[in-house]
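Working notes, structure below.
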Amino acid sequence: MEWINKKVLEFIHLYEMENILWNLSNPNHKKKHLVHDSWVRIKNKLSWISTVEEMKKKKDSLMAYYRAHLNKIKKSIKARCIASTRHKS
């Protein structure tokens, strides 16, 4: 299935509403049947047909992209700080 931007944004919005999936301080975060129910709720609210497995893969993919992008930003900031420190000396 192709995840066009519109679908990704809809998915992210629904995922964000299901606090149990991403909030580690949620007391039900570790209860598998409740977590599964959240995924099913998202699946049922989507404007297209998907599976829980596809959604989990997409979430993992988005998180991997986010982590990689965040690391690039951190390295860039660190490099600028080092360059700025060297320039002042």
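Going left to right, the sequence shown walks through residues 659 to 747 as the working numbering numbers them. Where is the CB? At the ideal position from N, CA and C, for every residue including glycine. Since this is a predicted model, take the numbers as computed values, not measurements.
Endpoints, the alpha helix (DSSP H) within which residue i is located
{"i": "I670", "result": "663–675"}
{"i": "N702", "result": "690–703"}
Between the CA atoms of residue j and residue i - distance to the nearest angstrom
{"i": "S719", "j": "V710", "result": "14 Å"}
{"i": "K701", "j": "I707", "result": "8 Å"}
{"i": "K730", "j": "M721", "result": "14 Å"}
{"i": "E714", "j": "V698", "result": "The sequence shown places Lys at residue 714, not Glu. If you take the alpha carbons of K714 and V698, they lie about 11 Å apart."}
{"i": "H687", "j": "K665", "result": "25 Å"}
{"i": "K689", "j": "L682", "result": "12 Å"}
{"i": "R738", "j": "N663", "result": "32 Å"}
Contact under 9 Å by Cβ, residue i with residue j
{"i": "L679", "j": "S705", "result": "no"}
{"i": "W661", "j": "K716", "result": "yes"}
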